[in-house]
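At position 148 of the sequence shown the residue is numbered 162 (our numbering), and the sequence of numbers has no breaks.
Quick reminder that beta carbons are idealized off the backbone N, C-alpha and C, glycines included.
Source: prediction; values computed, not measured.
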Amino acid sequence: MRVLDVWIEINGSGRKVGSISGSHPSDAVFCYATDYLGDAGARPVSVSLPLQEEPFSPAQTKNFFEGLLPEGFTRRSVAQWMHVDENDYLSILSGLGRECLGALQIMEEGKPQTESSYEKLTSERVLALAKEGTTASAELVIKAHLSLTGASGKVGLYLNEKENAWYLPRGSAPSTHILKQSHVRLLDIVANEQLCLMTAKNLGLDVPDSFIVDTGSDSSEDVLFASRRFDRVFSENSMVISGMKVPGRLHQEDFAQALGIPASGKYETVRQGYVKKMFDLLRNWSSNPMQDQLKLWDTIVFDYLIGNTDSHLKNFSLLYSEDLKSIRMAPAYDILSTSVYEGTTRELSFFIGSENRLEHITRASFEEAAKEAGIRVKMAMDRFDQMKEALPGALALAAEQLSSQGISHAQQLRQRIVKQNCNEIETKP
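#1: Taking only the alpha-carbon atoms, compute the straight-line gap between ASP232 and PRO183 and give it to the nearest angstrom.
#2: Hey, would you say LEU82 sits closer than 8 Å to LEU65, going by beta carbons?
#3: Have a look at GLY420, HIS326, GLN74 and LYS194 and flag the residue whose alpha-carbon is nearest the alpha-carbon of THR283.
#4: Between the region 108 to 118 and the region 293 to 301, do at least 3 Cβ pairs fall closer than 8 Å?
#5: Work out the CA separation of GLU414 and LYS339 for me, nearest whole Å.
#6: Would you list the one or two residues that DSSP bridges to CYS45?
#7: So the candidates are ALA410, GLU369 and THR323; which of them puts its Cα closest to the Cα of GLY287?
#8: My parser needs the beta strand (DSSP E) runs of 3 or more residues fully inside the region 45 to 84; what are they?
#9: Can you round the beta-carbon distance between ALA272 and LEU295 to whole angstroms, since I take them to be within the 8 Å contact cut?
#10: Any idea which residues DSSP pairs GLN119 with across the strands?
#11: Take SER131 and list the residues in its own chain whose beta-carbon comes closer than 7 Å to its own, dropping the five residues that flank it on each side.
#12: Taking ASN216 as part of the alpha helix (DSSP H), name the residues at either end of that continuous run.
#13: Report, in whole angstroms, the separation of the C-beta atoms of LEU319 and LEU405, which I expect to be a contact under 8 Å.
#14: Please name the residue or residues paired with LEU332 in a DSSP beta bridge.
#15: Which residue's Cα is closest to the Cα of ASN329: ALA270, LEU110, SER33 and MET212?
#16: Classify SER422 as buried or exposed, calling it buried when 16 or more other Cβ atoms lie within 10 Å of its own Cβ.
#17: If we count the other Cβ atoms within 10 Å of its Cβ and call it buried at 16 or more, is ASN178 buried or exposed?
#18: Please state if the CB of SER137 and the CB of GLY274 are separated by a distance shorter than 8 Å.
#19: Thinking C-alpha only, which one of ASP268, LEU350 and SER331 is nearest ASP317?
#20: What is the rounded straight-line gap between the Cα of THR213 and the Cα of ARG90?
#21: Between the beta-carbon of PHE293 and the beta-carbon of ILE389, is there less than 8 Å?
#22: My understanding is that ASP228 touches ALA346, with C-beta atoms under 8 Å, so please give their C-beta distance in whole angstroms.
#23: Kindly indicate which three-state DSSP category LEU273 falls into: helix, strand or coil?
#24: Ignore the nearest five residues each way along the sequence and tell me which others in ALA383's own chain have a CB closer than 6 Å to its CB.
#25: Taking the C-alpha atoms as reference points, what is the distance between ASP306 and ALA344?
#26: Kindly indicate which three-state DSSP category ILE389 falls into: helix, strand or coil?
#27: Which same chain residues, not among the five before or five after LEU409, have their C-beta less than 6 Å away from its C-beta?
#28: Is the CB-CB distance between ARG377 and ASP312 below 8 Å?
#29: Just how far apart, CA to CA, sit ILE226 and ALA240?
#30: To the nearest angstrom, how far is the alpha carbon of VAL198 from that of GLU207?
#31: List the residues that DSSP assigns as beta-bridge partners of GLU282.
#32: Which residues in the same chain have their Cβ closer than 7 Å to the Cβ of LYS134, if we skip the five residues on either side of it in sequence?
#33: Going by alpha carbons, who is nearest to ARG246 out of SER189, LEU211 and GLU267?
#34: Going by DSSP in three states, ASP228 sits in which element: helix, strand or coil?
#35: Using the rule of at least 16 other Cβ atoms within 10 Å of the residue's Cβ for burial, across every protein chain shown, is GLY55 buried or exposed?
#36: Any idea if GLU80 is buried or exposed, counting beta-carbon neighbours within 10 angstroms, 16 or more meaning buried?
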């Protein structure tokens with residue numbers, strides 16, 4: 015029997031909320047601690063795991079906690095480095111759980127813990143991260159005990175803005191940014207994501223601060239995409255590690271976790287009402303449900319207009335306040351135009367009305383989706399029309415902004431996005 019303690023940061027202080035116990039992933043169950051349940055201010059770690067004395071089933075436990083782990087090639091690489099089965103989520107969580115997305119920390123009983131510190135990375139190491147991609151990020155993930163969800167190669171680092179230097183967190187030291195590399199087949203994906211996020215920001219969407227990291231190489235392939243973590247916040251009382259002020263943790267969970275859906279079900283391949291489930295989640299749990307439902311609607315419309323077919327359930331999240339008492343929709347993230355790449359799917363990650371293929375979706379599809387979501391159709395479609403009209407200008411402005419920062423192919427990317435989504439994005443003279 016192994017036991018993994020689950021801790022959460024509340025108002026800057028760690029609190030043990032419960033534990034995962036079992037001899038194998040197939041029988042492991044999560045149970046809240048009795049003293050935590052007795053606290054009048056106790057809050058659940060997930061919408062899908064309400065406060066209760068009884069242990070949750072192995073399936074419920076796995077759906078949420080496995081959702082904290084990387085996926086795909088990164089997970090396989092991490093498992094190989096750790097010499098464990100990639101399906102053994104308990105072992106991987108035990109190794110990586112000190113720094114998860116959100117405010118959770120997972121620590122196995124009896125396992126020695128690494129002292130918290132920051133290791134400065136040389137410019138050569140940062141360049142190697144860009145060049146080596148997922149393999150390099152997997153190595154850093156293991157060394158730093160970082161658990162970052164997603165299938166692409168990514169790593170959490172601390173940016174010392176005074177030095178303009180990157181540091182690798184060790185132990186429980188939190189990171190401030192998530193860095194992603196260019197894809198071996200999609201070499202301009204970094205510029206693509208930054209262009210789309212800048213366009214979204216120009217349109218007034220809530221997105222995290224992001225920028226492209228210059229690694230000192232002349233090649234456009236050797237760049238990194240950096241996104242400031244919205245689940246990390248600095249305060250006057252922030253502690254200091256290795257001489258640097260560190261942020262506190264805000265709890266977050268993605269929509270798949272909140273809905274109790276495993277990562278394997280993040281795509282709606284057969285119509286199951288994901289749009290309704292997403293809007294119901296905000297309607298029932300958000301501290302400002304009307305505003306957050308509009309944020310979600312705008313993000314869905316934007317993803318469609320730019321041709322983002324990878325906006326699955328794990329790319330939408332709930333963000334909790336420091337005391338866990340308030341829940342809001344998190345800023346939009348992982349936004350890019352996938353349709354510009356030859357061979358990528360034309361099917362969206364969930365159905366818009368009764369359609370999920372880009373070329374089959376019409377304005378009527380969105381009207382149907384608005385009804386399904388439970389929001390006023392006229393209001394929803396007015397926002398659709400406004401964004402469709404404003405998008406060409408916002409995209410052109412973002413391309414100009416990115417070009418001025420030295421990304422010479424930004425205009426080519428803009429043209430490709432327009433060409434691949436010409437039914438909706440109309441160029442202006």
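According to the structure shown:
#1: For the purposes of this step, residue 232 is taken as residue 218 along the sequence shown, with counting starting at 1. For the purposes of this step, residue 183 is taken as residue 169 along the sequence shown, with counting starting at 1. With a pLDDT of 46 at ASP232, under the threshold of 50, the modelled position of that residue is not reliable, and the figure given next carries that caveat. Taking the straight line joining both Cα atoms gives about 28 Å.
#2: Start at 1 with the first residue of the sequence shown, and residue 82 comes out as number 68. Start at 1 with the first residue of the sequence shown, and residue 65 comes out as number 51. In this structure, LEU65 does not lie closer than 8 Å to LEU82 by Cβ.
#3: Residue numbering aside, residue 283 sits at position 269 when the sequence shown is read from its first letter. When only C-alpha atoms are compared, the closest one is HIS326.
#4: no
#5: Start at 1 with the first residue of the sequence shown, and residue 339 comes out as number 325. Start at 1 with the first residue of the sequence shown, and residue 414 comes out as number 400. Using only the alpha carbons, I get a separation of about 42 Å.
#6: Translated into positions along the sequence shown, residue 45 becomes position 31. Per DSSP, SER33.
#7: As a first step, residue 287 is located in the sequence shown; it is residue number 273 there, counting from the start. Out of ALA410, GLU369 and THR323, GLU369 has the C-alpha closest to the C-alpha of GLY287.
#8: none
#9: Residue 272 sits at position 258 when you count from the first residue of the sequence shown. Residue 295 sits at position 281 when you count from the first residue of the sequence shown. ALA272 to LEU295, Cβ: 6 Å. Contact.
#10: Numbered from its first residue, the sequence shown carries residue 119 at position 105. According to DSSP, which records beta bridges pairwise, GLN119 is partnered with TRP21.
#11: Residue numbering aside, residue 131 sits at position 117 when the sequence shown is read from its first letter. Taken in chain order, the residues that qualify are ARG184, GLY185, ALA187, ILE255 and SER256.
#12: One-based indexing of the sequence shown puts residue 216 at position 202. ASN216 -> alpha helix (DSSP H) spans 203 to 216.
#13: Within the sequence shown, numbered from 1, the residue matching residue 319 stands at position 305. Within the sequence shown, numbered from 1, the residue matching residue 405 stands at position 391. Yes, LEU319 and LEU405 are in contact; Cβ-Cβ is about 5 Å, under 8 Å.
#14: For the purposes of this step, residue 332 is identified with residue 318 of the sequence shown, where counting begins at 1. DSSP lists GLU267 and MET343 as partners of LEU332.
#15: Taking the first residue of the sequence shown as position 1, residue 329 is located at position 315. Answer by Cα proximity: ALA270.
#16: Walking along the sequence shown from the start, residue 422 turns up at place 408. The residue is exposed, with fewer than 16 neighbouring Cβ atoms inside 10 Å.
#17: Here residue 178 refers to the residue found at position 164 when the sequence shown is read from its first residue. ASN178 should be labelled exposed.
#18: Stepping through the sequence shown from its first residue, residue 274 is reached at position 260. Stepping through the sequence shown from its first residue, residue 137 is reached at position 123. Not in contact: GLY274 and SER137 (Cβ atoms no closer than 8 Å).
#19: Within the sequence shown, numbered from 1, the residue matching residue 317 stands at position 303. For ASP317, the nearest C-alpha among the options comes from LEU350.
#20: By one-based count along the sequence shown, residue 213 stands at place 199. By one-based count along the sequence shown, residue 90 stands at place 76. Approximately 34 Å between the Cα atoms of the pair.
#21: For the purposes of this step, residue 293 is taken as residue 279 along the sequence shown, with counting starting at 1. For the purposes of this step, residue 389 is taken as residue 375 along the sequence shown, with counting starting at 1. Contact: yes.
#22: For the purposes of this step, residue 228 is taken as the residue at position 214 of the sequence shown. For the purposes of this step, residue 346 is taken as the residue at position 332 of the sequence shown. That pair is no contact at about 25 Å.
#23: To locate residue 273, count along the sequence shown from 1; it is residue 259. Three-state result, LEU273: coil.
#24: The residue given as residue 383 occupies position 369 in the sequence shown. Closer than 6 Å at Cβ, skipping near neighbours: VAL289, ILE366 and GLY367.
#25: One-based indexing of the sequence shown puts residue 306 at position 292. One-based indexing of the sequence shown puts residue 344 at position 330. Cα to Cα, the separation comes out at about 9 Å.
#26: In the sequence shown, residue 389 corresponds to position 375, counting from 1. In the structure shown, ILE389 sits in coil (DSSP, three-state: anything other than H, G, I, E or B).
#27: For the purposes of this step, residue 409 is taken as residue 395 along the sequence shown, with counting starting at 1. Excluding sequence neighbours, LEU409 sits near THR213 and ARG428.
#28: As a working mapping, residue 377 is identified with position 363 in the sequence shown. As a working mapping, residue 312 is identified with position 298 in the sequence shown. Against a cut-off of 8 Å, the Cβ pair of ASP312 and ARG377 comes out as no contact.
#29: Position 212 of the sequence shown, counted from the first residue, corresponds to residue 226. Position 226 of the sequence shown, counted from the first residue, corresponds to residue 240. So the two alpha carbons sit approximately 6 Å from each other.
#30: Counted from its first residue, the sequence shown places residue 198 at position 184. Counted from its first residue, the sequence shown places residue 207 at position 193. Because VAL198 carries a pLDDT of 48, less than 50, the predicted location of this residue cannot be relied on, and no value is offered for it.
#31: The sequence position of residue 282 within the sequence shown is 268, counting from 1. In the DSSP output, where bridge partners are listed per residue, GLU282 has none listed.
#32: The residue labelled residue 134 in the question sits at position 120 within the sequence shown. The answer, listed in chain order, is ALA179 and TYR181.
#33: For the purposes of this step, residue 246 is taken as residue 232 along the sequence shown, with counting starting at 1. Nearest C-alpha to ARG246: SER189.
#34: Sequence index remark: in the sequence shown, residue 228 carries index 214 (1-based). Correct three-state label for ASP228: strand.
#35: Taking the first residue of the sequence shown as 1, we reach residue 55 at position 41. Exposed: under 16 other Cβ atoms inside 10 Å.
#36: Taking the first residue of the sequence shown as 1, we reach residue 80 at position 66. Per the 10 Å Cβ criterion, buried.
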